[in-house]
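Using the working numbering, the first residue of the sequence shown is number 1, and each one after it goes up by one. Think of the CB as a built atom: it goes at the ideal place given N, C-alpha and C, for glycine as much as any other residue.
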Amino acid sequence: MSQTTWPSSLGPVICIVGARPNFMKMAPILRAFATHQPAIPTMLVHTGQHYDRDMNDRLFVDLRLPHPDINLEVGSGTHAVQTAEVMRRFEPVVDTHNPSCVLVVGDVNSTLACTLVAVKKGVPVVHVEAGLRSYDRAMPEEINRVLTDQIADRLYTTERSALDNLLREGIAEERVSFVGNVMIDSLLSNREFAHAPERTLSEAGFDPAILKGVNSYAVVTLHRPSNVDQLETLRPLLEVLRDVSEKLPLVFALHPRTRANIERFGLGDLVASRRIVLLPPQGYLEMLGLMAGARMVLTDSGGLQEETTALGVPCLTIRENTERPITVEQGSNTMVGRNRAAIIDGVDEILAGGGKRGRIPEYWDGHAAERIAADLAQWLIERQHSS
Ligand code: UD1
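Now the structure itself:
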């Protein structure tokens with residue numbers, strides 16, 4: 001691009017974060033926009049979907065995210081309440097700040113809510129991590145993904161299969177650009193700052209010696225409503241985990257939803273073991289260090305499936321489907337569903353043979369955010385010239 005300064009007639013890119021998995025995606029984007037020539041002006045809006053120290057503040061510090069320009073402070077609620085509240089509070093922000101576009105990441109309720117507001121005001125929307133599909137409409141995130149992609153103007157994808165999904169939904173190929181994975185930009189730039197697992201355990205009041213067993217340790221996270229919201233599902237999963245903990249110790253970072261349900265259903269005894277370390281939600285650098293040092297990760301998180309692939313650490317995904325098939329096809333991920341035998345077999349296989357290490361997918365190279373900055377700057381300027 002020939003310009004050396006950003007056109008004054010183009011307003012800021014309003015960048016939206018709401019929930020924990022958004023933060024590691026937005027941090028490299030903001031940095032790439034600031035260092036792009038010319039710098040792309042941004043405004044960071046936090047919807048407040050996640051708000052407490054563990055789910056929010058620690059990650060902002062770890063990822064060196066700037067303080068949001070605006071916090072809508074919507075907090076928790078049902079899907080309808082949360083989505084509606086974000087929309088109601090975001091509308092005046094768009095009216096006041098005349099953005100050149102609104103940039104959303106991922107698939108949380110804040111992603112869809114802000115997309116709807118902007119599109120209906122004629123403000124273009126840019127979706128980062130577009131086109132991922134689990135084909136499971138019982139997942140709230142799947143609804144958010146399908147609807148956001150359908151109405152967003154510019155779609156950036158993390159893996160090539162996403163384009164096929166988008167084309168199947170009638171989305172024009174010109175709207176889509178394959179840029180790679182911004183979450184892996186964050187991982188690569190923070191790898192050297194990751195906290196040693198021993199330090200994380202000591203600081204949480206646990207004896208780090210537990211990590212030194214012959215089989216090392218496994219990291220566990222569970223938070224999907226389909227896994228943790230019903231007693232009939234959560235109990236058998238915790239029973240399997242207790243059995244797995246006899247093979248190798250578990251470091252289980254408990255999401256607030258999961259912790260609350262374990263208490264509500266009276267399942268605390270199942271995880272009360274010397275071989276299960278229960279931690280609160282971890283900071284980014286703690287989690288990175290824990291994963292990097294682990295023998296394996298057991299999870300239902302989307303982000304962890306990608307991060308373990310980037311780290312080459314075997315991952316067993318406790319879900320029936322994944323919207324991130326490349327982590328299975330090329331990476332270190334294996335889908336084990338909620339089936340007890342499949343989970344135990346998966347663990348045994350890793351303990352016996354080391355498990356899948358995989359390879360690094362195309363464009364998961366630490367430069368995805370720069371590709372977005374270059375493409376978006378050109379797109380916004382061309383769009384302005386043609387209007
Ligand atoms: C949301 C996202 C999910 C993402 C997850 C990561 C949607 C539909 N879901 O799910 O895609 O994987 O974030 O965590 O957007 N809570 C706290 N502190 C907080 C925030 C929430 O304790 O800072 C508790 C509240 O009790 C709340 C519950 O966690 O009711 C769930 O929070 P919510 O934002 O509704 O959904 P998540 O399960 O976190």
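- For residue 20, there is no enclosing beta strand (DSSP E); the enclosing alpha helix (DSSP H) has its first and last residue at 20 to 35.
- Distances from the CB of residue 141 to the heavy atoms of the ligand UD1 include at least one below 7 Å.
- Residue pairing of residue 135 in beta bridges, as defined by DSSP: absent, with no partner found.
- Look at residue 177 here: in three-state DSSP terms it is strand.
- Checking the 7 Å criterion, the Cβ of residue 68 is out of range of every heavy atom belonging to the ligand UD1.
- Between residue 315 and residue 287 a beta carbon distance of about 13 Å is seen, past the 8 Å cut, so the two are scored as non-contacting.
- Taking the Cα positions, residue 318 is about 7 Å away from residue 335.
- Excluding sequence positions up to five before and after residue 124, its CB lies within less than 6 Å of the CB of 101 and 153, all in the same chain and listed in chain order.
- Residues 23 of the same chain have their beta carbon placed closer than 7 Å to that of residue 60, with the five preceding and five following residues left out of the count.
- Within the segment 41 to 123, the complete beta strand (DSSP E) segments at least 3 residues long are 42 to 46 and 101 to 105, listed from N- to C-terminus.
- The closest CA to that of residue 13, considering only 4, 25, 21 and 39, is found on 39.
- Look at residue 363 here: in three-state DSSP terms it is coil, with no helix or strand label.
- Per DSSP, reduced to three states, the secondary structure at residue 240 is helical.
- Short note on residue 55: C-beta closer than 7 Å to some heavy atom of the ligand UD1.
- Closest by C-alpha distance to residue 301, out of 64, 255 and 66, is 255.
- As summarised for the segment 239 to 326, the continuous beta strand (DSSP E) elements at least 3 residues long and confined to that stretch are 250 to 253, 276 to 279, 296 to 299 and 315 to 317, given in chain order.
- Per DSSP, reduced to three states, the secondary structure at residue 39 is coil, with no helix or strand assignment.
- Residue 149 has its alpha-carbon roughly 32 Å from the corresponding atom of residue 357.
- The C-beta separation of residue 29 from residue 377 comes to about 12 Å, leaving the pair out of contact by the 8 Å criterion.
- Annotated three-state conformation of residue 130 is coil, per DSSP.
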